[in-house]
Amino acid sequence: MSYQCLIVRAKAEWDAYVKRAHNYEVYHTWYYHSLNMEGEPILFIYEKEDLFIAFPLIKRNIAGSSQYDMTSVYGYAGPISNVDFKDIPQLTIESFKEEFGHFLKSEQCICVFSRLYPFLNQHYLLENIGGVIPNGSTIYMDLSLSIEEQRSRYDKRLKRQIKKLRETGYTIKNAAGPSEIAAFTEMYHKNMDRLGASKSYYFDEKYFAGLLNTREFENELVLIYDGTEMICGALILISENVVRNHLSATSEKYLKVSPSKLLTDEISLIGRRLGKKIFHLGGGVGGKEDSLFKFKSHFSNLRINDWIWCYVSDQESYNALLHQKGVGLTQQSTFFPAYRQTKA
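Here's what the structure looks like:
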């Protein structure tokens, strides 16, 4: 049977494929990829009769090399299709693997990393192409439940705290313009300073404004005020079926009050009001069951496996880069690609 492969870089063609997918996220769109500063957005298309597989990626230069690698955007991305991946025949998957390899070679790319989207069956496509790697679990709410039923499942202490926060009289509102986006960005950066976050997490004001572009998305910046003082906020991404807290921040002065608990409860209300099926809370840092994971687990006991995908298509060049950069792989190091490790 005949098939074709395309390399798409233009917005109109890119988003035409995304909108035909049976399930997709804000993370898969051209515009979201255009906000990424790491490299060039690129969409690989494999199309066979009435089926297509689309894989959005970021192509990056490798310092000191004429070659490239590819990575996924910040968030949950990976391939999409107009067919559930579990229903794609094995022969088609083998054909996709072969053509994807040709694509990487033509783009002079030696390896690919992608964080996967847990509510798609992407592992059916990728488990025999390099292999998928468990990255812990991620937490979500079922928004088909009533808010009363959901709250009955909250940790008892959490439920009391949220009730008290709602009685405090804080104002919850959507950002109204550039000044509030700027104020939220400043609060967010102070959070990153406090956490000692890497530079990659310091998204700027332009990034937040881009995600609130109403021509592209239905995303919202939800803010909590104590009088005239902004104390907490979250940029929530709104997709066809899912709502999620993409990036959030709390004023240091109010950390002990923990208005983020009220904010999380409020996002679940927003999701229900918009008719979404899932509120994806996410997991811990690096897939770990850390304090962030524990915080989220107080809201829901629903879990789904989280996966990442690491694929070396040119092992010889990959090994040469490891040797060139003096990076030694150890049992403790899981960083991929290893040659991009930051030396201590």
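Residue 6 is where the sequence shown starts when you use the numbering used here, and the numbers rise one by one after that.
The C-beta atom is built at its ideal place from N, Cα and C for all residues, glycine as well.
Notebook entry, point to check: Can you tell which of A21, N179, A214 has the C-alpha that lies nearest to the C-alpha of I272?
Noted result: In the sequence shown, counting from the first residue as 1, residue 272 sits at position 267. For I272, the nearest C-alpha among the options comes from N179.
Next item on the list: Go ahead and label L242 buried or exposed: buried means 16 or more other beta carbons lie within 10 angstroms of its beta carbon, across all protein chains shown.
Entry: By one-based count along the sequence shown, residue 242 stands at place 237. L242 comes out buried.
Item checked: Backbone CA spacing between K204 and Q329 [nearest angstrom] -> Numbered from its first residue, the sequence shown carries residue 204 at position 199. Numbered from its first residue, the sequence shown carries residue 329 at position 324. Distance between the alpha carbons of K204 and Q329 is about 25 Å.
Check: Would you call H239 buried or exposed, if buried means 16 or more other Cβ atoms sit within 10 Å of its Cβ?
Finding: Along the sequence shown, read from residue 1 onward, the residue named residue 239 stands at position 234. Before going on, a small fix: residue 239 reads as Ala here, not His. Buried: at least 16 other Cβ atoms inside 10 Å.
Check: With a Cβ-Cβ cutoff of 8 Å, do W314 and V88 count as a contact?
Finding: If you number the sequence shown from 1, residue 314 lands on position 309. If you number the sequence shown from 1, residue 88 lands on position 83. Cβ distance not < 8 Å, so W314 and V88 don't count as in contact.
Note to self: Can you tell me which residues form a DSSP beta bridge with V247?
What the structure shows: Along the sequence shown, one-based indexing puts residue 247 at 242. Answer is I283.
Check: Just curious, the alpha helix (DSSP H) that N196 is in, first and last residue?
Finding: Position 191 of the sequence shown holds residue 196. Note, N196: alpha helix (DSSP H), 183-200.
Next item on the list: Locate the beta strand (DSSP E) running through Y36, then write down its first and last residues.
Entry: If you number the sequence shown from 1, residue 36 lands on position 31. Y36 -> not in any beta strand (DSSP E); alpha helix (DSSP H) instead, spanning 35-39.
Item checked: N133 classed as buried or exposed, judged by whether at least 16 other C-beta atoms fall within 10 angstroms -> Here residue 133 corresponds to residue number 128 of the sequence shown, with the count starting at 1. Exposed is the call here.
Next item on the list: Kindly indicate if chain E contains any beta-carbon less than 8 Å away from that of T97.
Entry: Among the chains of the structure shown, chain E does not appear; only one protein chain is present.
Next item on the list: Identify every run of the beta strand (DSSP E) within the region 265-311, keeping only runs that are complete inside it and at least 3 residues long; order them along the chain.
Entry: 283-287
Note to self: If you measure between the beta carbons of M146 and F284, is that distance less than 8 Å?
What the structure shows: Against the sequence shown, residue 146 aligns to sequence position 141. Against the sequence shown, residue 284 aligns to sequence position 279. Going by C-beta atoms, M146 is nearer than 8 Å to F284.
Check: What residues in its chain sit with their C-beta under 7 Å from that of S39, if we drop five residues either side in the sequence?
Finding: Here the question's residue 39 lines up with position 34 in the sequence shown. Excluding positions up to five away in sequence, the list reads P46.
Check: Considering only the beta carbon of each residue, do A59 and I67 sit closer than 8 Å?
Finding: As a working note, residue 59 is residue 54 in the sequence shown. As a working note, residue 67 is residue 62 in the sequence shown. Not in contact: A59 and I67 (Cβ atoms no closer than 8 Å).
Item checked: L228 in three-state terms, based on DSSP -> Residue 228 sits at position 223 when you count from the first residue of the sequence shown. In this structure, L228 counts as strand in the three-state DSSP scheme.
Check: When we look at the beta-carbon of V248 and count the other beta-carbons within 10 Å, is it buried (16 or more) or exposed?
Finding: Your numbering for residue 248 matches position 243 in the sequence shown. Flag for V248 reads buried.
Check: Can you name, in chain order, every residue of its own chain whose Cβ lies under 7 Å from the Cβ of V78, other than the five neighbours on each side?
Finding: The residue given as residue 78 occupies position 73 in the sequence shown. Within the same chain, V78 has close Cβ partners Y32, Y37, H38, N41, I63.
Note to self: Output needed for E294: all residues of its chain with C-beta closer than 7 Å, excluding positions within five of it in sequence on either side, in chain order.
What the structure shows: Against the sequence shown, residue 294 aligns to sequence position 289. Same-chain partners within the cutoff: G141.
Item checked: S305 to T269 span [Cα, whole Å] -> As a first step, residue 305 must be located in the sequence shown, where it is residue number 300. As a first step, residue 269 must be located in the sequence shown, where it is residue number 264. Near 11 Å, if we compare the C-alpha coordinates of T269 and S305.
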